[in-house]
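*Asks:* This is the structure, below, for whatever I ask next.
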């Protein structure tokens, strides 16, 4: 497995655009998810795996940072780091890059391995878990982004963090 994992390539499609003429926020999520699906396929955890075993990786948490606009036809690539993993869960960081190399978005994702019939988290089969651990070892020495694990930046510099009244919404005290 390469470190970082980088097989995803695409061009911005018309259906990904919003009324401003650039990529819609939801489309970044689709592209990042598609890039992660390629990583899963490389680990033997693709749709074929689900068909054969009844198990799959379920997204249980994600966080996207939007860094730049993307226009129709622009080429994009993705680079993914397996941050942590065990037999039941995986934490990925995926960076979406413009063809000139500048980052346009990052996504941080937390997945659980689920037996779909049982609706429960279950361990991966040993052969798949071994592949995951091999990738984890290959990615262990990669630098970690400074924003990893931070979540939302809920306030601007100098912003007042106290709750504000939102057009008379009950339960929120005015400042």
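Residue numbers (the numbering used here): 1160 to 1334. Even glycine gets a Cβ: it sits at the ideal position worked out from N, Cα and C.
Just to confirm, is the Cβ distance from residue 1223 to residue 1260 under 7 Å?
*Replies:* Within the chain shown, the letter at position 64 stands for residue 1223. Within the chain shown, the letter at position 101 stands for residue 1260. Going by C-beta atoms, residue 1223 is not nearer than 7 Å to residue 1260.
*Asks:* Which runs of the beta strand (DSSP E) spanning at least 3 residues fall entirely within the region 1196-1262, listed in chain order?
*Replies:* Correct list: 1214-1225, 1234-1244 and 1248-1257.
*Asks:* Within the same chain, show all residues whose beta-carbon is closer than 6 Å to that of residue 1177, passing over the 5 residues directly before and after it, in chain order.
*Replies:* Within the chain shown, numbered from 1, the residue matching residue 1177 stands at position 18. Within the same chain, residue 1177 has close Cβ partners 1183.
*Asks:* Secondary structure at residue 1294, three-state DSSP: helix, strand or coil?
*Replies:* Locating residue 1294 in the chain shown gives position 135, counting from the first residue. Three-state DSSP puts residue 1294 in a helix.
*Asks:* Which class does residue 1266 belong to by DSSP, given the choice of helix, strand or coil?
*Replies:* Position 107 of the chain shown, counted from the first residue, corresponds to residue 1266. In the structure shown, residue 1266 sits in a strand (DSSP, three-state: E or B).
*Asks:* Whose C-beta lies closer than 6 Å to the C-beta of residue 1234 among residues of the same chain, with five residues either side of it excluded?
*Replies:* On the chain shown, position 75 is the one that residue 1234 refers to. 1170 and 1258.
*Asks:* Could you spell out the range, first to last residue, of the beta strand (DSSP E) harbouring residue 1303?
*Replies:* As a first step, residue 1303 must be located in the chain shown, where it is residue number 144. Segment: none, residue 1303 is in no beta strand (DSSP E) and carries neither H nor E.
*Asks:* Could one say the Cβ of residue 1255 lies closer than 7 Å to chain D's Cβ atoms, at least one of them?
*Replies:* Any reference to chain D falls outside this structure, which holds one protein chain only.
*Asks:* Got a sec? Which residues, its chain only, sit under 6 Å from residue 1219 by beta carbon, not counting five neighbours each side?
*Replies:* If you number the chain shown from 1, residue 1219 lands on position 60. Answer for residue 1219: 1269 and 1271, listed in chain order.
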